[in-house]
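Structure first, commentary second.
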Amino acid sequence: MCASAKYNTRGPALIPRMKTKHRIYYITLFSIVLLGLIATGMFQFWPHSIESSSDWTVEKRSVHDVPVVKLPADSPIPERGDLSCRMHTCFDVYRCGFNPKNKIKVYIYSLKKYVDEYGTSVSNTISREYNELLTAISDSEFYTDDVNRACLFVPSVDVLNQNALRIKETAQALAQLSRWDRGTNHLLFNMLPGGPPDYNTALDVPRDRALLAGGGFSTWTYRQGYDVSIPVYSPLSGEVDLPERGPGPRRYFILSSQMALHPEYRSELEALQAENGESVLILDKCTNLSDGVPAVRKRCHKNQVFDYPQVLQESTFCVVLRGARLGQAVLSDVLQAGCVPVIIADSYILPFSEVLDWKRASVVIPEEKMPEMYSILQSVPQRQIEEMQRQARWFWEAYFRSMKAIALATLQIINDRIYPYAAISYEEWNDPPAVKWSSVSNPLFLPLIPPQSQGFTAIVLTYDRVESLFRVITEVSKVPSLSKLLVVWNNQNKNPPEDSLWPKIRVPLKVVRTAENKLSNRFFPYDEIETEAVLAIDDDIIMLTSDELQFGYEVWREFPDRLVGYPGRLHLWDHEMNKWKYESEWTNEVSMVLTGAAFYHKYFNYLYTYKMPGDIKNWVDAHMNCEDIAMNFLVANVTGKSVIKVTPRKKFKCPECTAIDGLSLDQTHMVERSECINKFASVFGTMPLKVVEHRADPVLYKDDFPEKLKSFPNIGSL
Amino acid sequence: MQTRKKYIFLTFLASWLLLFFFGGDQLRRFAFFSRRKVEARRNWPHWTDRSLLKSFADPEELLSDGDPSLPSPRERQAARLSVYKNSRCRMETCFDFSRCEKHGFKVFTYPRERDQPLSESYSKILTSIERSRYYTPNPEEACLFILSIDTLDRDHLSGQYVRNVDEKIRSFPLWNGGRNHLIFNLYSGTWPNYTEDLGFDIGQAILAKASFYTESFRPGFDISIPLFSKDHPQRGGEKGWLYQDSIPPKKKYLLVFKGKRYLTGIGSGTRNALHHIHNGKDIISLTTCKHGKDWEKHKDTRCDKDNVDYEKFDYQELLHNSTFCIVPRGRRLGSFRFLEALQAACIPVLLSNGWELPFAEAIDWGKAAVVGNERLLLQIPSAVRCIHPERVLAFQQQTQFLWDAYFSSVDKIVHTTLEIIKDRLLPHRSRSRFLWNTLPGGLLALPDFSTHPGDFPFYYLQHGSSPSEKFTAFIRAVSPGGAPSQPLLRLIQAVSRSQYCAQIVVLWSCEKPPPPSEKWPQSTVPVTIIQGREKLSDRFFPYAAIQTDAVLSLDEHTSLSTSEVDFAFVVWRSFPERIVGFPTRSHFWDPEQRRWGYTSKWTNELSIVLTAAAFYHRYYHNLFTEYLPAGLRELVDGLAACEDILMNVLVAAVTKLPPIKVTQRKQHKETVSQQ
């Protein structure tokens, strides 16, 4: 100890005095120590990947090394499944608790090998698919290794295929799980239920109150809101890579690829083919294949050989008939091929039907109506077929393609039942990414015309142009529907004028002082704004008449989800520069209204302040420009609707000027504004602005009619 | 000395290294890094031989599932029919689809018997059906049968309980074990258990019942309906109370409840606990013990104080001023509160375990209500506090949409029930959940027209598509001359020059046959002549000839320039759900005569755009012909007028939006003097 201390403190000084031999020796030693330190340090503080942490906790093992559990013949058997179970009767919600993440905790029992009294194993220890499924759960956010905190328990007993296990003994194995408790909060995954000759539609293993994620439920065995219907996984999904094929007409109209159809079904299908000729293709098992060709990957029609599942991509509709069981693995292949499944299996509960809207991806035909299949399918409009093809492929990609996808969808469904207020919406479950991208869901979707009596709040952003500000205040205060005026004082170096100096107006006037001179201050959802309608107006817009403003408010009431304003602008695609350009000249079209004078819903203030995509808000504040363009982008993007320009007026600032307002003509200004449009379009990832060729004028505008009978006689012409 | 030092030093180093390389793991776990140890999860092992594991089923087994020796599909179906009856009924086992094939979905109501008193609600239900477009007086044509026996109140302690129902229905020759019958019920069972028992055997009839318990609900067969009061209006219905979208919700209270507390018996568990979440500030949960005659017998220590607090708040006031409303179970699972909260835009927080929610087969309640759990009452306040303001706003709007689309009148409740059953008959011609849950709702999206959202005027934005870029000009000609008149020819010329015109369809509504094709002008777009009858309502018939989304409806005497047409069409593409046109009218309330008035004078406002020159979506032809009550069309035909007003009323009722007038011109008729 002392030695080390001594050498350590004096080390560098000592070295020159030592013999060369020793020196080399010490240096070597030191470098080893140093390396050792570095190595351990790296291990300690390197960010651990999941793999490395599991490497520490679980030594590398084979499934054959897992502990063996012997089940005595008289060990208890759970009750049969209780058909009346529902979440509120058989599920213990108290285990899940309330947590801010709204995620259930799932525990997985460790793997055991179960043998009966004579040492014969009860089932395969675990199948590849079940191992994948448990791995997926273990890697997911739902997983916990703490049995005491778990809300849901997943036994490692593999019951995916009922034919691969011994029913009674498997049940005994379940019953001796440490937290079994009559199966409460236990989740079993089964894809192939039943066995000959009855082929029950739910797993025959007695399981008491356990939830069942089953493939092939019928409406009689499925406990709605308790069980989860899952697909039958097709191992081909992992083996064959079928690239997505664009929607559109395909070579065959109807195709049947199943091999073991009941003769009765087959004869019906063949009748269909006889009737409709080449557009129907009925495939069967190949009888004369040379050895070595996997029979599962080939299908035959007469002597023609087809590759499976590739042939599925050649057809618009693919028949999925029930076999002995209701759930068929072929459904997964069909979806993968982007072929629209025609499901003929009465009483079958389609996979994940609790959340997936199968009407958008499939055609369900009652068994009785099989002979009419052709005409029924003919009646589906082409556009809808194309969408169904896309939808089918999307369902496969999101919920069928791997055991992981199946496991996570199942857990999410159960999670949504326990935390319904945080549940995933219909759109999130069902809309393919392309639709999510192109569609808009307007946050103000209910058609409401707000009452006129509420009026609007005018917000004037000002810095130091007091004289012009007072003029604007005086003008705006004449508008009948004004209910409050808010001045946002953006100058931190100067105090606003004294109260006595402000114009006397009939509505409350509030001055808000800001902490920083930022443009986004004008769009802050101040508590003082008590009306839905907001009029944003610059402190130099002195030419708008009271009639124009009142009319603008009336127009806004009819279109409360839009920007309704006066100065119109346009964006154009500059073909030479290959980018967007800002346009303030007189044009036939409008795509923006400037918020120098515009009405909009207070909701958009909230969006601008808290939900503006990317760095736009800060960017605008830093550049001190384009907050109005940003607002136009935001509103158009969230509503998918155009702006409304009101009245023909083009001049707003100085009555003497001949052209449009001086500032806008400044060349650098135009360049900057164009830059803004390009910047925003890249942040939004699209150009949300909509171009329109119309504006709103009062009904009797310009009519030869007594002025005093007009509601809005004083509408400026320019 | 040197050697010793070296030795010690070496030993020390060696042991140090050894410690780190072999014991580092233990050190990390126990000594310095105990916190990290907790975080390191014990994940599912990555088995070394995981790639060698066998698949759960070999491919042969998966693909050749099904054994030819099994009973044939037909035999199996027959077996199912005999097994799955009564409480296990499903459409395919208990409903005779063949009855609906020939005549479509027709509903027959048993003739009302004079000595048989009907409750107000039940006679409203029957009236709704008899006025619906599915009604048939002929039982031979019928697909669905409705009893004339009032089955709404099956609480045998109630005054409206009808006795001996079993005997009566057995005497009906059409009863047929209840097959294809639909039975409405609001109250079942009685004190103390309030079972689901109706007091008679419904057999294979479909049950449309309020307060349905999931366990007795036959999925895909029965229908859960909302509980509504006897004052619920026959049709029309009150509006919702939401008139503005505020964010954050500008309501005084977050969560309210005011109602009875059952001291004993079924449902008392939940109601007795409700006072726990009351905080007197933003959560108001008030219960009174005053319930029934002998409440004082069971009264507990809280009762007196609760009863006093209870009187301090007004239920209507709470309803108006709260964001969320607790809708707990009563004795039965459903309560009036549910519809009250829905109308009030007070987001229902349901505490009714096992309640099959009304029309859940169609309606996605997750978008309009918070489905709570009776057992987790105490979590409710924090759960609703965590809901984001945007989500609250969406919830509020959805309550209003659902209320107005499906619940605000008995007509709507009954029609929704019928449409859900109709959708089951032809699954491939039924509404997707999207159509049911998006404005304007399933009753107004006719699957007979299309099942594709892009074909309707309402869903372009949500669907991410846009209306077609061409229009069809649809001209109603009444020229008595037997040849196309001059104004008509000019109109065809002007319209056909529009760059957006795809085709012109002339509806020839004269007695005389249409002139031969050579009499019609040569134009760049195809002109189709349809021989119509003289009925005015024919002009809104969904003719197959109309292929585009947009229809430009024109009268023979309309005068328009090509650029007017172009402009109006461009405007219509921005407002595809509205009527966009030229000549306008307005309506007003005449306080003296206490009725509505119509004016064609120049006014500052407009509410009607005449279909003599207007663009609208072709789907409105379908709604006009199929959705509107036949009586209204007959009225129009009888008057030989007002078809345009009816169209405006229809579109406004569907969209809740006014029409749009384009251009300043007021006069669009070619008058004789102009010629």
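Chains as they are written, first to last, in my numbering: chain X, 38 to 755; chain A, 36 to 710.
Even glycine gets a Cβ: it sits at the ideal position worked out from N, Cα and C.
TODO: For chain A, find out if any of its Cβ atoms is closer than 9 Å to the Cβ of X/A634; answer yes or no.
DONE: Position 597 of the first sequence, counted from the first residue, corresponds to residue 634 of chain X. No, its Cβ sits nowhere closer than 9 Å to a Cβ of chain A.
Open item on the list: As a quick exercise: from X/L349, X/D111, X/E409, X/K142, pick the residue whose alpha carbon is nearest that of A/E136.
Closed with: Sequence index remark: in the second sequence, residue 136 of chain A carries index 101 (1-based). Taking only the C-alpha atoms, the option nearest A/E136 is X/E409.
TODO: Confirm, please, whether the CB-CB distance from X/F742 to X/E585 is below 9 Å.
DONE: Counted from its first residue, the first sequence places residue 585 of chain X at position 548. Counted from its first residue, the first sequence places residue 742 of chain X at position 705. No. Outside cutoff.
TODO: From the DSSP output, in three-state form, read off X/W593 for me.
DONE: Sequence index remark: in the first sequence, residue 593 of chain X carries index 556 (1-based). DSSP places X/W593 in helix when its eight states are reduced to three.
- [ ] Take the Cβ of A/A675 as the centre, count every other Cβ of all protein chains shown within 10 Å, and call the residue buried at 16 or more, exposed below.
- [x] Position 640 of the second sequence holds residue 675 of chain A. Flag for A/A675 reads exposed.
TODO: Mind checking which residues open and close the beta strand (DSSP E) that includes X/H338?
DONE: The residue labelled residue 338 of chain X in the question sits at position 301 within the first sequence. Looking at the DSSP string, the run of the beta strand (DSSP E) that includes X/H338 is 335-338.
Task: Under 7 Å from the C-beta of X/L481: neighbouring residues of chain A - done: Here residue 481 of chain X corresponds to residue number 444 of the first sequence, with the count starting at 1. Neighbours of X/L481 on chain A, chain order: D280.
TODO: Go through its chain and collect everything with a Cβ distance to A/L209's Cβ below 7 Å, but skip five positions before and after it.
DONE: In the second sequence, the residue the question calls residue 209 of chain A occupies position 174. Answer for A/L209: P174, F180, listed in chain order.
TODO: Run down chain X in chain order and give the residues with a C-beta less than 7 Å from the C-beta of A/F99.
DONE: Position 64 of the second sequence, counting from 1, holds the residue named residue 99 of chain A. It should be noted that the sequence gives Ser, not Phe, for residue 99 of chain A. Listed along the chain, the chain X residues whose CB falls inside 7 Å of the CB of A/S99 are M296, A297.
Task: Spatial distance of A/V291 from A/L385 (CA atoms) - done: Taking the second sequence and counting its residues from 1, one reaches residue 291 of chain A at position 256. Taking the second sequence and counting its residues from 1, one reaches residue 385 of chain A at position 350. Computed Cα separation, rounded: 12 Å.
- [ ] Give a yes or no on whether the C-beta atoms belonging to A/S387 and A/V362 are separated by under 9 Å.
- [x] For the purposes of this step, residue 387 of chain A is identified with residue 352 of the second sequence, where counting begins at 1. For the purposes of this step, residue 362 of chain A is identified with residue 327 of the second sequence, where counting begins at 1. Taking 9 Å as the cut-off, the beta carbon of A/S387 is found closer than this to the beta carbon of A/V362.
- [ ] Flag X/S99 as yes if its beta-carbon sits less than 9 Å from any beta-carbon of chain A, otherwise no.
- [x] Against the first sequence, residue 99 of chain X aligns to sequence position 62. True, the Cβ-Cβ gap to chain A drops below 9 Å.
Open item on the list: Going by C-alpha to C-alpha distance, which of X/I752, X/E709, X/K555, X/L737 sits closest to X/Y603?
Closed with: If you number the first sequence from 1, residue 603 of chain X lands on position 566. Nearest to X/Y603 by C-alpha distance, out of X/I752, X/E709, X/K555, X/L737, is X/I752.
- [ ] Identify every residue that forms a DSSP beta bridge with X/T494.
- [x] Indexing the first sequence from 1 puts residue 494 of chain X at position 457. X/T494 is bridged by DSSP to X/K521, X/V571.
- [ ] State whether the segment 237-256 of chain X contacts the segment 113-122 of chain X, with contact taken as three or more CB pairs (one from each stretch) at a distance under 8 Å.
- [x] Judged by Cβ distances under 8 Å, the segment 237-256 of chain X makes contact with the segment 113-122 of chain X, as three or more pairs qualify.
Task: Local conformation of X/F742 per DSSP, three classes - done: Residue numbering aside, residue 742 of chain X sits at position 705 when the first sequence is read from its first letter. Secondary structure of X/F742 (DSSP, three-state): coil.
Open item on the list: Here's the rule I'm using: 16 or more other beta-carbon atoms within 10 Å means buried, otherwise exposed. How should A/T690 be labelled?
Closed with: Taking the second sequence and counting its residues from 1, the one referred to as residue 690 of chain A is at position 655. It is buried - the Cβ of A/T690 has at least 16 other Cβ atoms within 10 Å.
- [ ] Check whether the Cβ of X/R165 lies closer than 9 Å to any Cβ atom in chain A.
- [x] One-based indexing of the first sequence puts residue 165 of chain X at position 128. Yes - at least one Cβ of chain A is within 9 Å of the one on X/R165.
- [ ] Flag this pair as yes or no: are the beta carbons of X/E404 and X/Y270 separated by less than 9 Å?
- [x] Taking the first sequence and counting its residues from 1, the one referred to as residue 404 of chain X is at position 367. Taking the first sequence and counting its residues from 1, the one referred to as residue 270 of chain X is at position 233. In terms of Cβ geometry, X/E404 and X/Y270 do not form a close pair [threshold 9 Å].
- [ ] Answer with yes or no whether the minimum CB distance from X/L726 to chain A is below 9 Å.
- [x] Stepping through the first sequence from its first residue, residue 726 of chain X is reached at position 689. Judged by the 9 Å Cβ criterion, X/L726 is not in contact with chain A.
Task: Opening and closing residue of the alpha helix (DSSP H) in which X/S175 lies - done: As a position in the first sequence, residue 175 of chain X is number 138, starting the count at 1. Where X/S175 is concerned, the enclosing alpha helix (DSSP H) stretches over 165-176.
Open item on the list: Distance cutoff 9 Å, beta carbons only. Does X/S701 sit that close to anything in chain A?
Closed with: Along the first sequence, one-based indexing puts residue 701 of chain X at 664. Because X/S701 sits at a pLDDT of 49, beneath the cut-off of 50, its placement in the model cannot be relied upon, and the point is left open.
Open item on the list: Contact between the segment 363-375 of chain A and the segment 254-264 of chain A is defined here as three or more beta-carbon pairs at a separation below 8 Å; is this criterion met?
Closed with: Because the criterion of three Cβ pairs below 8 Å is met, the segment 363-375 of chain A and the segment 254-264 of chain A touch.
Task: 9 Å Cβ cutoff, A/W255 in contact with chain X - done: Residue mapping note: residue 255 of chain A aligns to position 220 of the second sequence, counting from 1. In the sequence as presented, Trp is not what sits at residue 255 of chain A; that position holds Gly. It does; some Cβ of chain X falls within 9 Å.
Task: 8 Å CB neighbourhood of X/Q213 in its chain, flanking five on each side removed - done: On the first sequence, residue 213 of chain X is found 176 positions in, with the first residue counted as 1. Same-chain partners within the cutoff: V106, L108, S112, P113.
Task: Rounded C-alpha distance that separates A/I415 from A/E409 - done: Locating residue 415 of chain A in the second sequence gives position 380, counting from the first residue. Locating residue 409 of chain A in the second sequence gives position 374, counting from the first residue. Those two C-alpha atoms are separated by around 9 Å.
Open item on the list: Between X/V400 and chain A, is the shortest Cβ-Cβ distance under 9 Å, so that the two count as touching?
Closed with: Along the first sequence, one-based indexing puts residue 400 of chain X at 363. Closer than 9 Å to some Cβ of chain A, the Cβ of X/V400 qualifies, so yes.
Task: Coarse secondary structure for X/F507, derived from DSSP in three states - done: Counting from 1 along the first sequence, the entry for residue 507 of chain X is found at position 470. Helix.
TODO: Just the chain X side, please: which residues come within less than 7 Å of A/R641 by C-beta, in chain order?
DONE: Along the second sequence, one-based indexing puts residue 641 of chain A at 606. Residue 641 of chain A is actually Leu in this sequence, not Arg. Identification of chain X residues near A/L641 by a Cβ-Cβ cut-off of 7 Å yields V736, ordered along the chain.
TODO: Please classify X/T436: is it buried, with 16 or more other beta-carbons within 10 angstroms of its beta-carbon, or exposed?
DONE: In the first sequence, residue 436 of chain X corresponds to position 399, counting from 1. The residue asked about is misnamed: residue 436 of chain X is Tyr in this sequence, not Thr. By the neighbour-count rule (16 or more Cβ atoms within 10 Å), X/Y436 is buried.
Task: Closer than 8 Å at the beta carbon, the chain A residues around X/E569 - done: Looking up residue 569 of chain X in the first sequence gives position 532. Using a Cβ-Cβ cut-off of 8 Å, X/E569 is close to Q279, D280, S281 of chain A, given in chain order.
Task: A/W226 vs A/G304 beta-carbon contact at 9 Å - done: Your numbering for residue 226 of chain A matches position 191 in the second sequence. Your numbering for residue 304 of chain A matches position 269 in the second sequence. Contact: no.
Open item on the list: Using a Cβ-Cβ cutoff of less than 7 Å, which residues in the same chain neighbour A/W543 once the five nearest sequence positions on both sides are dropped?
Closed with: Residue 543 of chain A sits at position 508 when you count from the first residue of the second sequence. If we look at A/W543 and ignore the five residues flanking it on each side, its Cβ neighbours are A512, P549, I564, I565, Q566, G567.
Task: C-alpha gap between A/A649 and A/A687, whole angstroms - done: As a first step, residue 649 of chain A is located in the second sequence; it is residue number 614 there, counting from the start. As a first step, residue 687 of chain A is located in the second sequence; it is residue number 652 there, counting from the start. Between A/A649 and A/A687, the alpha-carbon positions lie close to 15 Å from each other.
- [ ] Please classify A/W624: is it buried, with 16 or more other beta-carbons within 10 angstroms of its beta-carbon, or exposed?
- [x] Taking the first residue of the second sequence as position 1, residue 624 of chain A is located at position 589. With fewer than 16 Cβ atoms within 10 Å of its Cβ, A/W624 is classed as exposed.
Task: Residues that A/G369 contacts on chain X, provided the C-beta gap is smaller than 9 Å - done: Sequence index remark: in the second sequence, residue 369 of chain A carries index 334 (1-based). Near A/G369 there are no residues of chain X at all, since even the closest Cβ is about 15 Å away, more than 9 Å.
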